[in-house]
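> Residue numbers (our numbering): 478 to 620. Quick reminder that beta carbons are idealized off the backbone N, C-alpha and C, glycines included.
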């Protein structure tokens, strides 16, 4: 199973497109099989894997090329963010900073629209918002 930010889910051995009807049927099947409601299942997932808070924000790209943006963002990167060390910097689709606690921030110029997307995920919404703010400051300083 794979998910995408627009809310679509794809399932192996079925049609390759994201299918809302199939997704709804799968959720109904899960609820019927377990006898639980959706909030109970989400709570169980959070207990097992931890909570997750994801945000995406778009900024107008004034024309900076993706490779130039990535290079400049890596140059401006501090050694830590939100009092956490940057563990890994990935640059294969934009520039992503993975912090020592597993939270992350990705800044990625779109290949099809004049926007720079900033994504962040952590275990709590307040922290995710701080990561987005930090990412937006980098985007502002580079564009």
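Quick one: what's residue 535 bridged to in DSSP?
What you label residue 535 is simply residue 58 of the chain shown in a count that begins at 1. Among the bridge pairs identified by DSSP, residue 535 is matched with 594.
> Excluding five sequence neighbours on each side, which residues of the same chain lie with their C-beta closer than 6 Å to the C-beta of residue 565?
Counting from 1 along the chain shown, the entry for residue 565 is found at position 88. Excluding positions up to five away in sequence, the list reads 575.
> At the level of alpha carbons, what is the spacing between residue 496 and residue 507?
Reading the chain shown from its first residue, position 19 is the one you call residue 496. Reading the chain shown from its first residue, position 30 is the one you call residue 507. Rounded to the nearest angstrom, the two C-alpha atoms are 17 Å apart.
> Excluding the 5 residues flanking residue 591 on each side, which residues of the same chain have their C-beta closer than 6 Å to its C-beta?
To locate residue 591, count along the chain shown from 1; it is residue 114. Contacts found: 538.
> Output needed for residue 437: all residues of its chain with C-beta closer than 7 Å, excluding positions within five of it in sequence on either side, in chain order.
Only positions 478 to 620 of the chain appear in the structure, and residue 437 is not among them; the question remains open.
> Can you tell me whether residue 524 is helix, strand or coil according to DSSP?
Numbered from 1 along the chain shown, position 47 holds the residue referred to as residue 524. Helix.
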